[in-house]
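Residue numbers (the numbering used here), protein chains in the order written: chain A, 22 to 224; chain B, 22 to 224. We put the CB at the ideal spot given by N, CA and C, even for glycine.
There are 2 protein chains.
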Amino acid sequence: MAKNVDIKRAKILEVAKRRFAHFGMAKTTMAEIAKDLSFSKALLYYYFPDKHSLYTAVMEYVVNEMIQKNEEFLEKSQDVEKALMFVLESRMDLMKENYNLFEYSSSFFMQNPGEVGKSLGPFFEKAKELFAKILKIGVDKGELQVDDIQETAELLLFAQMGMKAGILNQEMNDCFFPSPDDFDMILHKQKKMVSIFVRGLKA
Amino acid sequence: MAKNVDIKRAKILEVAKRRFAHFGMAKTTMAEIAKDLSFSKALLYYYFPDKHSLYTAVMEYVVNEMIQKNEEFLEKSQDVEKALMFVLESRMDLMKENYNLFEYSSSFFMQNPGEVGKSLGPFFEKAKELFAKILKIGVDKGELQVDDIQETAELLLFAQMGMKAGILNQEMNDCFFPSPDDFDMILHKQKKMVSIFVRGLKA
DNA sequence: TTTTGAACATTTAAAAGAATTAGTCAAGGT
DNA sequence: ACCTTGACTAATTCTTTTAAATGTTCAAAA
Numbered sequence: 022m023a024k025n026v027d028i029k030r031a032k033i034l035e036v037a038k039r040r041f042a043h044f045g046m047a048k049t050t051m052a053e054i055a056k057d058l059s060f061s062k063a064l065l066y067y068y069f070p071d072k073h074s075l076y077t078a079v080m081e082y083v084v085n086e087m088i089q090k091n092e093e094f095l096e097k098s099q100d101v102e103k104a105l106m107f108v109l110e111s112r113m114d115l116m117k118e119n120y121n122l123f124e125y126s127s128s129f130f131m132q133n134p135g136e137v138g139k140s141l142g143p144f145f146e147k148a149k150e151l152f153a154k155i156l157k158i159g160v161d162k163g164e165l166q167v168d169d170i171q172e173t174a175e176l177l178l179f180a181q182m183g184m185k186a187g188i189l190n191q192e193m194n195d196c197f198f199p200s201p202d203d204f205d206m207i208l209h210k211q212k213k214m215v216s217i218f219v220r221g222l223k224a
Numbered sequence: 022m023a024k025n026v027d028i029k030r031a032k033i034l035e036v037a038k039r040r041f042a043h044f045g046m047a048k049t050t051m052a053e054i055a056k057d058l059s060f061s062k063a064l065l066y067y068y069f070p071d072k073h074s075l076y077t078a079v080m081e082y083v084v085n086e087m088i089q090k091n092e093e094f095l096e097k098s099q100d101v102e103k104a105l106m107f108v109l110e111s112r113m114d115l116m117k118e119n120y121n122l123f124e125y126s127s128s129f130f131m132q133n134p135g136e137v138g139k140s141l142g143p144f145f146e147k148a149k150e151l152f153a154k155i156l157k158i159g160v161d162k163g164e165l166q167v168d169d170i171q172e173t174a175e176l177l178l179f180a181q182m183g184m185k186a187g188i189l190n191q192e193m194n195d196c197f198f199p200s201p202d203d204f205d206m207i208l209h210k211q212k213k214m215v216s217i218f219v220r221g222l223k224a
């Protein structure tokens with residue numbers, strides 16, 4: 022029974038998440054995390070092979086939590102537009118709460134494209150698949166008409182990334198550190214975008 | 022009569038454009054530009070106050086050329102979707118030919134947000150206005166129904182930025198140096214995007 | 001199996017110096 | 001007065017070096 026190990030891993034994840042979300046990946050040390058848990062640095066390496074794995078595990082933990090909430094929502098409501106809005110909102114909430122967690126991913130992106138493909142790519146895939154799932158609901162209900170669901174889901178995802186990039190660029194305060202207002206603005210644009218997009222797919 | 026001055030400025034712009042487009046802003050020196058024109062570096066500063074102004078002037082020169090072509094197209098065809106496609110295509114051509122010219126703008130963006138607002142912001146504005154103009158054609162013809170044209174144009178622009186960002190991220194070769202294939206892929210996605218978007222605005 | 005302190009290795013940060021390049025100026029040519 | 005220039009200065013970028021911080025390993029102990 023590996024139960025004990027799992028509990029400990031969960032504790033580590035919890036603490037690491039707090040630090041990562043607050044100060045970002047770069048500015049939290051393994052020593053700090055260990056100290057928070059009041060045990061030795063070396064022990065961290067007993068449970069996680071390296072810092073990067075720990076980071077990825079935290080990401081996975083956080084993202085899965087959200088995905089699950091989304092899936093649950095999908096069970097209840099079969100309304101395509103509402104479902105998409107819900108996804109947008111929970112994504113945004115997640116980013117607000119754990120901004121520095123993702124900040125690292127974004128900036129790491131631009132520097133180590135090779136590595137990040139394996140650790141960050143999956144999250145994009147998950148987001149894409151979620152969109153695809155929602156679109157499929159619309160198609161099955163005969164509400165929407167789309168030839169290639171996968172590709173359309175990707176389009177939708179990219180368009181929403183664009184909203185973020187667009188706002189961040191034109192605000193251009195400390196670039197890459199969206200203010201709360203920025204988040205609201207991004208969400209607002211994304212919603213409008215989705216609205217038009219879905220309308221454009223109506224059968 | 023400032024004719025002579027204008028001719029010289031034009032010559033400088035022409036040469037500077039070639040170098041910037043080839044090697045980018047950072048890796049072309051004022052000395053090189055001067056040498057290409059076979060006159061002294063100091064003379065450049067007689068016609069342009071500094072390097073940044075020269076760069077901006079080149080950008081303006083290049084972008085205006087494209088905008089004008091677009092406006093001409095608009096005179097002929099009043100078809101909204103075709104007009105948008107034309108804009109996308111000419112934008113992409115421009116980027117293919119002068120990639121490093123824009124590359125600098127993008128990367129400068131993320132570092133000196135304050136400065137770039139004045140030198141790069143106007144180009145975004147122009148693009149936005151062009152989209153707005155096209156959308157207005159559709160509205161005037163009664164084809165489209167949009168409440169806020171300015172905002173919708175912005176949405177469209179951002180969405181297209183997203184296509185670029187999205188493709189560049191998932192290709193992740195040497196990040197930020199799109200291959201010719203990438204350009205094609207981006208254009209393809211952008212066209213699909215526009216298609217759906219316009220359909221979503223149909224009256 | 002789990003935990004640790006101490007040692008090791010790798011990354012980052014800062015400082016100093018050299019080299020490149022942006023930008024200025026007084027003077028000369030037209 | 002309008003152009004043009006070479007030589008000068010100032011600012012920036014590029015190396016190199018060094019020191020510090022931090023990630024990672026490991027033998028030994030609980």
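Pick from the options that is closest to residue i, judged by C-alpha positions
i: residue 218 (chain A); options: A:82, A:143, A:106; result: A:106
i: residue 213 (chain A); options: B:200, B:208, B:174, B:188; result: B:174
i: residue 188 (chain B); options: A:207, A:179, A:41, A:185; result: A:179
i: residue 25 (chain B); options: B:68, B:147, B:185, B:159; result: B:68
i: residue 199 (chain B); options: B:117, B:221, B:92, B:155; result: B:117
i: residue 113 (chain B); options: B:182, B:149, B:57; result: B:182
i: residue 145 (chain A); options: B:161, B:186, B:203; result: B:186
i: residue 201 (chain A); options: A:119, A:148, A:166, A:222; result: A:119
i: residue 204 (chain B); options: B:49, B:91, B:110; result: B:110
i: residue 148 (chain B); options: B:216, B:191, B:98, B:172; result: B:172
i: residue 143 (chain A); options: B:98, B:99, B:211, B:191; result: B:191
i: residue 32 (chain B); options: B:49, B:150, B:57; result: B:57
i: residue 216 (chain B); options: A:222, A:215, A:216; result: A:222
i: residue 74 (chain B); options: B:168, B:208, B:30; result: B:30
i: residue 165 (chain B); options: B:28, B:100, B:36; result: B:100
Neighbourhood of residue i by C-beta, 7 angstroms cutoff - its chain only, sequence neighbours within 5 removed
i: residue 51 (chain B); result: 62, 65, 72
i: residue 76 (chain A); result: 41, 46
i: residue 34 (chain A); result: 78, 79, 82
i: residue 152 (chain B); result: 174, 177, 178
Own chain, CB closer than 8 angstroms to residue i, minus 5 neighbours either side, in chain order
i: residue 157 (chain A); result: 170
i: residue 122 (chain B); result: 38, 41, 42, 45, 46, 79, 80, 83
i: residue 95 (chain B); result: 104, 154, 155, 158
i: residue 163 (chain B); result: 224
i: residue 210 (chain A); result: 184, 187, 188
i: residue 208 (chain A); result: 109, 110, 113
Residue range of the alpha helix (DSSP H) that includes residue i
i: residue 89 (chain A); result: 72 to 97
i: residue 61 (chain B); result: No alpha helix (DSSP H) contains residue 61 (chain B), which DSSP labels as neither H nor E.
i: residue 149 (chain A); result: 142 to 161
i: residue 223 (chain A); result: First-last for residue 223 (chain A): undefined, no H or E at that position.
i: residue 55 (chain A); result: 51 to 57
i: residue 200 (chain A); result: That residue, residue 200 (chain A), is in no alpha helix (DSSP H); it is neither H nor E in DSSP.
i: residue 104 (chain A); result: 101 to 118
Cut-off 6 angstroms between Cβ atoms - residues of its own chain near residue i, not counting five sequence neighbours on either side
i: residue 38 (chain A); result: 79
i: residue 206 (chain A); result: 188
i: residue 102 (chain B); result: 219
Is there contact between the stretch 86 to 95 of chain B and the stretch 54 to 62 of chain B, where contact requires at least three CB pairs shorter than 8 angstroms?
Verdict: no, contact absent.
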